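In the UniProt record's numbering, the protein residues as written are 1 to 297.
From the three backbone atoms N, C-alpha and C, an ideal C-beta is built for every residue, glycine too.
Since this is a predicted model, take the numbers as computed values, not measurements.
Please read the structure below before turning to the comments.
In structure tokens form, the structure reads like this:
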């Protein structure tokens with residue numbers, strides 16, 4: 001047992017060292033990414049009512065606030081989500097705290113869009129991103145490793161925002177934001193889950209991807225909708241669907257008795273479907289052969 005424990009710790013430190021080395025190399029070989037000041041020039045800058053500047057971009061953050069608060073309550077109300085460990089509880093608590101803070105911080109940013117207020121929009125997002133990574137490690141790899149990784153991951157996310165704020169370089173923040181977008185769907189598909197309803201992770205990832213597309217098409221969408229709604233407003237609404245789907249998943253899921261990955265399930269489904277299609281072809285062929293024989297007689 002002691003030898004196995006020592007091997008586990010060795011693999012853990014090798015993994016962290018490899019990740020740190022890759023990050024350092026990327027920082028050395030890639031140019032700095034400064035914040036584009038045109039980012040703050042959103043398509044919809046209307047003051048529609050109540051004297052709220054950029055009204056729709058501000059109010060479209062309200063769903064984050066409601067979903068985040070609901071998640072925080074359900075995490076701690078009689079263990080409604082049936083979380084199996086303290087590591088899960090802490091990680092999901094931080095995730096919902098980040099989502100709630102996004103509702104506040106993003107609203108504040110869109111009232112006065114500039115680099116200083118953008119810090120309070122991005123900081124809570126990094127808390128949510130990094131908490132999700134820790135959750136995946138807990139559920140799919142090892143509970144102890146995921147729990148111990150939570151604090152370093154959240155701190156790394158916060159440091160990426162501080163680094164951008166002081167050095168006007170978005171590279172660390174880009175890593176924190178986009179690596180989970182790749183790693184989490186891959187892990188959700190390939191690694192056997194601890195719980196049922198694993199496909200909800202893919203729905204959440206799909207809505208986040210759609211949100212990023214809408215963000216990039218902010219002004220074209222505003223033109224296409226005849227100045228009714230902008231891409232950035234729709235981005236907020238789609239991004240808020242991420243915690244909605246994850247909350248539904250937590251409410252519905254149970255312990256998975258047979259830990260089978262989504263990829264394995266899909267392979268079985270494709271194999272069965274192929275087998276059924278083959279049987280259908282055989283039946284049609286036999287029927288045609290019988291009919292031909294009958295006519296000849």
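Reduced DSSP category for residue i - H, G, I as helix; E, B as strand; rest coil
i, result
"residue 176", "helix"
"residue 229", "coil"
"residue 161", "helix"
"residue 217", "coil"
"residue 51", "coil"
"residue 168", "coil"
Cα-Cα separation between residue i and residue j, rounded to whole angstroms
i, j, result
"residue 143", "residue 260", "18 Å"
"residue 262", "residue 76", "29 Å"
"residue 102", "residue 128", "9 Å"
"residue 191", "residue 205", "16 Å"
"residue 73", "residue 248", "14 Å"
"residue 133", "residue 180", "7 Å"
"residue 239", "residue 124", "14 Å"
"residue 151", "residue 210", "29 Å"
"residue 84", "residue 65", "26 Å"
"residue 254", "residue 79", "13 Å"
"residue 69", "residue 198", "23 Å"
"residue 30", "residue 273", "47 Å"
Beta-carbon contacts of residue i that lie in its chain and below 7 Å, excluding the five residues immediately before and after
i, result
"residue 109", "117, 118, 120 and 121"
"residue 221", "214, 230, 231 and 234"
"residue 161", "119, 122, 123, 126 and 173"
Those residues which DSSP pairs with residue i across a bridge
i, result
"residue 195", "255"
Contacts around residue i, its chain only, beta-carbon distance under 8 Å, and the 5 residues preceding and following it disregarded
i, result
"residue 47", "53, 54 and 55"
"residue 208", "181, 238, 239 and 242"
"residue 169", "32, 33, 34 and 163"
Classification of residue i by the beta-carbon crowding that lies within 10 angstroms, buried from 16 upward
i, result
"residue 138", "buried"
"residue 82", "exposed"
"residue 88", "buried"
"residue 17", "exposed"
"residue 135", "buried"
"residue 26", "exposed"
"residue 24", "exposed"
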